[in-house]
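Below is one structure, written out as structure tokens, with a few remarks after it.
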Amino acid sequence: MMGEENILPSFSVLRRKAEEILEEKSIIPESLEGLTPVQAMELLQELRIHQVELEMQNEDLRRAHLKLETSRARYYDLYDLAPVGYLTFDVAGQIQEANLTAAHLLQLERGTLIGQPFTRFIVRDDQDIYYLYRKQLLKAGSQQVCELRIGRKGGLPFWGRLEITVVFDAEGQVSGYRAVIIDISERKRSEEVLKKVQLELEQRVKKRTGELEHANKALQESEEHFRQIVEMLPVAVLGQLNQEIVFINTAAIKLLHAENSSFLLGRNILDFLHTKYKELFIQNLHKVMEGKAHSISFPARLSSLKDKIVDVEMHLIPFTYQGHSAVQISAYDITRRKKLEQELQNREKLEAVGNLAGGIAHDFNNYLATLLGNVSLAKAYMDNPEKVFEKLDNMEKVTLRAKDLTDQLSVFAKGGAPIKKKVTIRNLISESVSFALSGSSVQCELVLPGDLFAAEIDEGQITQVLYNIVLNAVQAMPEGGTIRVIGENVSSGGLTGGHVTLPHGEYIKLSLSDEGPGIPENLLERIYEPFFSTKAKGGGLGLATSYHIIKNHQGFIQAESEQGKGTTFIIYLPACSKAALLSEREDDVMLGTGKVLVMDDEADIREAVGEMLTFLGYEPHLAVDGAEAIEMYLRAAAGDRPFDLVVLDLTIPGGMGGNYVIEQLLAVDPSVKGIICSGYSNDPVMANYSSYGFKGVIKKPYDIKEFSKIIHSIKAGA
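Residues -18 to 699 (my numbering) are what the sequence shown spells out, left to right.
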């Protein structure tokens, strides 16, 4: 502050200078007697001018003085009401001035402080700190800061931050000191609490593991403490800010197969995420950053710098990094866990396949036993044609059952596409249910109207569906009961309830109900999952296969159940008109004439098919593989008697299969009539034969009646 004592000397200097000027100019003579009137008037005028100038100077001085007083008053207000204490010491350290805040801190009247040595208020144990501080202050000649305890009247001492500046006089000598005192007691208490907490934490860490003793001593600040902990975690931890990785621990470096952190810092975690999981990561990241979720966990896949795929469980949480909102990413390597889960799943699958194989082997052994028994009896009854025919008829029925079994196995193994034909489903339902119930104590109530629609289906596959559902019902009623099977004709426009979604049209609705314990609601949606079963012993494959079959027939299957009241399976199958069906219904063998080329790599099959053709009235020609079949066809086409029909096996090991042969034949003869034949129903050629240039399809094994019908219909152009 510039006080009055500093302003007045300035006016004294001006006055002396003015007197000196007057003495030099000598405008006032020593005697007035020798002045002329003109000189007297000039002197008077000069004096008046000086008088006016003096009055103006006096007015300026008055205004300056008033302004100075106002400024001084404002200064003292700021000085007294400042939030910190101000003190002025003389050279000896005695208090010369103090503001109200300083007096309040020391709990004394301001007047009482004047003339007191400041050391009187310093706690005895901290006075050495003050003297050392004074010594450094004089040596450095600039502001110094220290913290010590200051006592006050009638109260406990407080922690003060002392900032002192040296005051020099005009000659550069120390004339005193100006000091600022700030009460830092709260800060000191907070620091003490923090120290206690930190000490307690270090003791806990030291107790739990001696290996971290050296690291604990280095963890003085929270950021460093955090970094050390993260660095030691066996889990990959990354911090991402503004689409850039800003920190990464050793586990993350190893996870991504980097040499060091410099290969990863500054990049985006999206660079390492598998394409399939990038959108999921972005969605979850927004949820976390926008506060919609405190943390989110989800599975993902990372591609390392060495292009190795790593399965991880990713965990996102928000945090603040250097004052900015960021996300912490934890990635748990679950590759080994996934591998173990896959091995467990494969083991369960193998167990289920083993159960299935055992069941099939059991059924096949039964069929073989029946076949061998009938063969033996047929030989024994050689002299009795009726008995021989009876045994051969039994053998034919058993063979067809074995064929249905192989169809079921094919669907399970590779999901074979259905090879459809128009059938009256009423008899199929009755026979399938009766077969599944054989040997059980369960009864069946069939409600099948006579006008039930026909359907274009794969008989073997639909038989398998009915068998699986009925078998489940039998197993659900070990002590017996009744299965109710109802058939209805419905239109998709009239379907209500459930989750049925079918294109417009006519359908056959089958309802199969049991009286078992029912399926819990929380498991009802899982019954079609492969290898899921509600039974203690079961592979969980029947319903999964059934669902697949019905779906491939453009139908729909659903289950309704209530615990304690049984389960009902409802099946919808597309219907077809009976008129189209009746035109194909012939029970007798259909004879004919013509030249037929048969290609099959199995000699026994070629011989059997050749004999069937001869019996039916056709002229058979047999080829071992595709090359021979093409050669024979071209040779016949060049002669007078080309082939009327070709029957081609789909698969020829080591050679051209039927689909390649028909392609070659169509190139030279677009009118060729071909039938594709195979024991593999899963091949797309069997289900979509016309797309490959064939006129018909027949599935192994087949009998002479079925064979004669397909040949007759194709020759007739049906």
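All residues carry an ideal CB built from backbone N, CA and C; glycine is no exception.
Nearest-angstrom Cα distance between residue i and residue j?
{"i": "Lys120", "j": "Arg142", "result": "20 Å"}
{"i": "Val308", "j": "Glu502", "result": "40 Å"}
{"i": "Ser156", "j": "Lys177", "result": "44 Å"}
{"i": "Gln179", "j": "Arg189", "result": "15 Å"}
{"i": "Pro700", "j": "Ile165", "result": "No answer is possible for residue 700: it lies beyond the span of the chain, which begins at -18 and ends at 699."}
{"i": "Ala454", "j": "Ala361", "result": "42 Å"}
{"i": "Ile467", "j": "Leu429", "result": "6 Å"}
{"i": "Gly272", "j": "Met213", "result": "29 Å"}
{"i": "Ile530", "j": "Ile443", "result": "7 Å"}
{"i": "Leu358", "j": "Ile586", "result": "25 Å"}
{"i": "Asn365", "j": "Asn355", "result": "14 Å"}
{"i": "Cys658", "j": "Leu631", "result": "6 Å"}
{"i": "Ile695", "j": "Tyr661", "result": "22 Å"}
{"i": "Asp684", "j": "Gly677", "result": "16 Å"}
{"i": "Ile656", "j": "Asn346", "result": "32 Å"}
{"i": "Val161", "j": "Leu182", "result": "37 Å"}
{"i": "Phe675", "j": "Lys654", "result": "7 Å"}
{"i": "Arg185", "j": "Ile210", "result": "14 Å"}
{"i": "Leu427", "j": "Pro399", "result": "26 Å"}
{"i": "Glu27", "j": "Gln125", "result": "59 Å"}
{"i": "Ser415", "j": "Ser494", "result": "15 Å"}
{"i": "Asn533", "j": "Lys401", "result": "11 Å"}
{"i": "Leu266", "j": "Leu524", "result": "40 Å"}
{"i": "Gly153", "j": "Arg159", "result": "16 Å"}
{"i": "Glu23", "j": "Asp41", "result": "27 Å"}
{"i": "Tyr60", "j": "Leu94", "result": "16 Å"}
{"i": "Ile406", "j": "Leu597", "result": "29 Å"}
Tell me which same chain residues have a C-beta within less than 7 Å of the C-beta of residue i, skipping the five on either side of it?
{"i": "Tyr313", "result": "Val216, Val293, Glu294"}
{"i": "Tyr738", "result": "Only positions -18 to 699 of the chain appear in this structure, which leaves residue 738 out of reach."}
{"i": "Phe739", "result": "Absent from the model: residue 739. The displayed extent of the chain is -18 to 699, so no value can be given."}
{"i": "Tyr348", "result": "Val379, Arg382, Ala383"}
{"i": "Lys686", "result": "Val570"}
{"i": "Phe149", "result": "Val155, Ser156"}
{"i": "Arg328", "result": "none"}
Can you check which of these residues, the options, is closest to residue i by C-alpha distance?
{"i": "Ile704", "options": "Leu68, Phe244, Phe253, Ser285", "result": "With the chain covering only -18 through 699, there is no way to say anything about residue 704."}
{"i": "Leu245", "options": "Leu254, Ile234, Phe675", "result": "Ile234"}
{"i": "Ile450", "options": "Leu236, Val356, Ser492", "result": "Ser492"}
{"i": "Leu452", "options": "Tyr641, Ile165, Lys177, Leu418", "result": "Leu418"}
{"i": "Arg168", "options": "Gly677, Thr526, Leu129", "result": "Leu129"}
{"i": "Thr526", "options": "Glu172, Val446, Gln535", "result": "Val446"}
{"i": "Ile298", "options": "His275, Ser284, Ser285", "result": "His275"}
{"i": "Ser311", "options": "Ser473, Leu321, His296, His305", "result": "His296"}
{"i": "Ala84", "options": "Arg133, Glu377, Phe300, Gln38", "result": "Arg133"}
{"i": "His238", "options": "Ser285, Leu251, Met458", "result": "Ser285"}
{"i": "Ile103", "options": "Trp140, Gln117, Ala79, Glu588", "result": "Trp140"}
{"i": "Glu460", "options": "Asn470, Glu496, Ser473", "result": "Glu496"}
State the DSSP-derived secondary structure class of residue i, mapped to helix, strand or coil.
{"i": "Leu647", "result": "helix"}
{"i": "Asp684", "result": "coil"}
{"i": "Gly520", "result": "Any reading at Gly520 needs caution, since the residue's pLDDT is 44, under 50, leaving its predicted position unreliable; the model's value is listed next. The answer is coil: DSSP assigns Gly520 none of H, G, I, E or B."}
{"i": "Thr405", "result": "strand"}
{"i": "Val291", "result": "strand"}
{"i": "Pro98", "result": "strand"}
{"i": "Arg622", "result": "coil"}
{"i": "Pro707", "result": "As shown, the chain starts at -18 and ends at 699. That puts residue 707 outside it, with no answer to give."}
{"i": "Gly545", "result": "coil"}
{"i": "Lys320", "result": "helix"}
{"i": "Ile552", "result": "strand"}
{"i": "Met571", "result": "coil"}
{"i": "Thr17", "result": "coil"}
{"i": "Gly677", "result": "strand"}
{"i": "Met580", "result": "strand"}
{"i": "His485", "result": "coil"}
Could you pull out every residue in the same chain whose Cβ sits closer than 6 Å to the Cβ of residue i, ignoring the five residues on either side in sequence?
{"i": "Lys319", "result": "Asp292"}
{"i": "Pro484", "result": "none"}
{"i": "Ile692", "result": "none"}
{"i": "Leu541", "result": "The sequence given here has Glu at residue 541, not Leu. Correct list, in chain order: Thr549."}
{"i": "Glu225", "result": "Gly247"}
{"i": "Gly66", "result": "Thr82, Ala83, Leu86, Ile162"}
Here's a check: name, in chain order, each residue in its chain whose Cβ is nearer than 8 Å to the Cβ of residue i, leaving out the five neighbours to either side.
{"i": "Pro18", "result": "none"}
{"i": "Lys546", "result": "Gly499"}
{"i": "Pro98", "result": "Ala73, Gly74, Gln75, Ile76"}
Which residue spans inside the segment 650 to 675 form an unbroken beta strand (DSSP E) run of at least 3? 655 to 659
Segments assigned alpha helix (DSSP H), at least 4 residues, entirely inside the segment 104 to 189: 108 to 121, 166 to 189
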